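Notes follow once the structure below has been shown.
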């Protein structure tokens with residue numbers, strides 16, 4: 003069980019040397035290691051595959067003693083991800099307060115967050131509030147009138163926490179999104195390591211996300227979508243840990259044969275209980291926080307619940323269950339439902355506690371007094387007034403969302419997202435030479451922009467990687483490919499239902515982690531398994547190294563557009579690769 007990118011394969015060993023496999027057979031094997039354990043071998047290795055360890059040749063080539071190499075290998079599971087996270091954090095927190103301006107939708111969420119953490123509900127700010135906040139260092143009086151807003155409060159509480167600690171200014175309202183963006187890189191490193199059983203590939207996945215322009219910009223802007231991405235990725239990670247824990251429990255329950263090997267056993271597989279599964283409850287908590295940030299978390303809740311059930315089916319089948327679907331329905335589905343849907347609903351309701359506790363006399367949150375005024379009477383008066391008022395508020399928000407079609411310069415159709423076709427300009431200025439970082443010898447005005455655009459080389463590589471992932475899922479039934487496809491589909495496909503709405507490319511940040519996992523899976527297949535020949539491994543490592551370096555170069559090249567750095571207008575034009583980027 004030595005494959006870097008396919009440690010869960012269960013095929014028989016390779017063809018004899020005198021029978022060269024056909025190109026069809028080679029294609030079917032692409033991304034797999036030769037010589038994997040067959041079904042007669044210990045089933046524990048299929049339920050809980052071991053992690054790939056660096057070979058002795060690597061330590062010898064680097065001149066590292068074997069004892070020290072073993073120690074480094076043990077530390078690398080956390081050491082490698084932490085180094086990648088440190089790099090991501092330095093980039094995201096560097097000059098975080100620049101531009102010193104309220105950029106794009108920060109005009110809503112920065113002020114809503116400040117109101118929520120002080121009053122428990124959003125307030126209706128004066129149209130000149132942005133200038134007052136920036137010029138006074140955030141020392142402004144709160145308005146008194148409640149505001150009608152269309153997103154739940156969790157993301158605003160998160161942003162507001164940074165404002166409470168660091169002040170009501172650009173650094174303060176961007177701090178928490180930068181922190182969550184940095185922590186999401188750490189999570190992805192660990193998630194990739196657990197999925198691919200390889201610390202190296204886990205670090206590759208985290209590095210790719212650290213170098214993605216859209217993730218970077220969203221980590222430095224106080225919008226809700228970066229917060230949503232964090233909770234979605236955390237929920238996925240919790241479900242992944244739960245999957246491993248459940249399979250470990252099944253493996254421990256299976257009986258050993260006379261030869262000491264563990265083989266599938268139908269009775270054990272169909273009767274073993276997997277307990278209360280705390281990581282699944284943690285996933286329910288994260289999904290509730292995701293829905294409490296933006297409603298599209300509902301689609302992700304549904305997709306992840308289906309994925310978790312299918313994971314249970316696969317685990318029971320590998321353990322030997324003759325009727326895995328019936329077994330899961332009887333043994334696992336109940337806890338899956340209880341740990342996700344009710345928990346998510348409860349968390350969502352609790353997130354409204356500030357609005358619920360506000361006065362119902364017209365001085366509280368928007369629509370808080372509806373049940374006592376316009377909503378008097380009817381068939382539902384036995385319910386608490388706060389619940390009836392909240393339901394009415396949510397219905398009005400739903401009507402707003404489905405009818406939102408006001409044209410916007412930077413709106414885009416979801417068909418264009420995956421190829422990075424229509425980014426969103428959050429901020430643009432044209433400083434004169436010698437001002438705001440524009441070189442004195444520029445000869446003309448400079449351009450200073452914050453552009454929410456994915457690193458192009460990474461996103462275009464992800465298009466090919468998604469094709470590979472879908473192939474692996476459909477034709478090889480690779481659970482990892484299915485999980486990646488589920489994450490992308492849950493964050494992406496629902497937007498095709500609302501193509502007539504005003505929607506934006508930056509919504510795609512929710513599935514950026516899964517795009518990075520897709521590219522990582524393709525990289526693992528190209529590199530090949532540790533047992534492959536030196537020529538194959540060197541060629542694969544060279545090709546993927548070139549790809550990662552191109553992505554890094556591309557990120558550095560677009561750095562001025564991600565950070566609002568002043569550059570001569572000709573340099574700005576040279577970075578507008580597509581007409582649709584302007």
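Residue numbers (the working numbering): 3 to 584.
Beta carbons are placed, not taken as given, at the ideal position from N, Cα and C, and that holds for glycine.
Just so it is clear, the structure is predicted and the values come from calculations on it, not from any experiment.
Could you check if residue i is buried or exposed, using at least 16 other CB atoms within 10 Å of its CB as the buried criterion?
| i | result |
| --- | --- |
| residue 214 | buried |
| residue 502 | exposed |
| residue 150 | exposed |
| residue 354 | buried |
| residue 102 | exposed |
| residue 504 | exposed |
| residue 401 | exposed |
| residue 452 | buried |
| residue 608 | Residue 608 falls outside the range modelled here, since the chain spans only 3 to 584, and no answer is possible. |
| residue 334 | buried |
| residue 584 | exposed |
| residue 515 | buried |
| residue 582 | exposed |
| residue 479 | exposed |
| residue 445 | exposed |
| residue 498 | exposed |
For residue i and residue j, I'd like the C-alpha separation in whole angstroms.
| i | j | result |
| --- | --- | --- |
| residue 622 | residue 179 | The chain is shown from 3 up to 584; residue 622 falls before or after that span and cannot be answered. |
| residue 350 | residue 195 | 31 Å |
| residue 385 | residue 372 | 13 Å |
| residue 229 | residue 464 | 23 Å |
| residue 276 | residue 331 | 13 Å |
| residue 154 | residue 580 | 36 Å |
| residue 54 | residue 204 | 11 Å |
| residue 119 | residue 252 | 45 Å |
| residue 429 | residue 403 | 25 Å |
| residue 199 | residue 148 | 51 Å |
| residue 38 | residue 467 | Bear in mind that the predicted position of residue 38 carries a pLDDT of just 40, short of 50, making it unreliable; the figure below should be weighed with that in mind. Those two C-alpha atoms are separated by around 24 Å. |
| residue 183 | residue 218 | 8 Å |
| residue 562 | residue 420 | 23 Å |
| residue 546 | residue 442 | 41 Å |
| residue 233 | residue 345 | 14 Å |
| residue 271 | residue 282 | 20 Å |
| residue 571 | residue 439 | 13 Å |
| residue 79 | residue 52 | 13 Å |
| residue 337 | residue 424 | 42 Å |
| residue 209 | residue 202 | 10 Å |
| residue 447 | residue 437 | 10 Å |
| residue 564 | residue 143 | 33 Å |
| residue 537 | residue 325 | 45 Å |
| residue 246 | residue 48 | 11 Å |
| residue 576 | residue 569 | 11 Å |
| residue 410 | residue 314 | 44 Å |
| residue 454 | residue 268 | 52 Å |
| residue 543 | residue 529 | 5 Å |
| residue 241 | residue 369 | 37 Å |
| residue 415 | residue 256 | 51 Å |
| residue 555 | residue 347 | 44 Å |
| residue 206 | residue 140 | 40 Å |
| residue 567 | residue 534 | 46 Å |
| residue 95 | residue 221 | 9 Å |
Pull the bridge partners of residue i from the DSSP assignment, please.
| i | result |
| --- | --- |
| residue 125 | 148 |
| residue 569 | 449 |
| residue 232 | According to DSSP, residue 232 bridges with nothing at all. |
| residue 100 | In DSSP, residue 100 forms no bridge with anything. |
| residue 264 | 258 |
| residue 557 | According to DSSP, residue 557 bridges with nothing at all. |
| residue 429 | 452 |
Hey, does residue i have any beta-carbon neighbour from chain B nearer than 8 Å?
| i | result |
| --- | --- |
| residue 571 | Absent from the structure: chain B. Only one protein chain is present. |
>> Can you confirm whether the segment 291–302 touches the segment 71–82 when touching is taken to mean that 3 or more C-beta pairs between the two stretches lie within less than 8 Å?
In response: no
> Counting only runs that start and end within the segment 284–371, where is the beta strand (DSSP E) found for 3 or more residues in a row?
Replying inline: none
> Considering only residues of the segment 431–468, which uninterrupted beta strand (DSSP E) runs meet the minimum length of 3 residues and lie entirely inside it, listed in chain order?
Replying inline: 448–454
>> Restricting to runs no shorter than 4 residues, where is the alpha helix (DSSP H) found entirely within the segment 457–541?
In response: 458–478, 481–494, 514–529
> If you scan the segment 380–427 from start to end, which runs of the alpha helix (DSSP H) of 4 or more residues do you find wholly inside it?
Replying inline: 387–404
>> Does the structure place the segment 119–133 close enough to the segment 83–100 that three or more beta carbon pairs sit under 8 Å?
In response: no
> For the segment 122–131 against the segment 162–180, are there 3 or more C-beta pairs whose distance is under 8 Å?
Replying inline: Touching, no.
> Pairing CB atoms from the segment 448–458 with CB atoms from the segment 489–502, are three or more of them under 8 Å?
Replying inline: no
> Going along the chain, which unbroken runs of the alpha helix (DSSP H) with 4 or more residues stay wholly within the segment 187–224?
Replying inline: Within the segment 187–224, the complete alpha helix (DSSP H) segments at least 4 residues long are 201–212, 215–221, listed from N- to C-terminus.
> How do the segment 378–392 and the segment 315–333 stand: do at least 3 beta-carbon pairs fall below 8 Å, yes or no?
Replying inline: no
> Per the contact definition of three or more C-beta pairs closer than 8 Å, is the segment 357–366 in contact with the segment 387–394?
Replying inline: They touch, by the three-pair rule.
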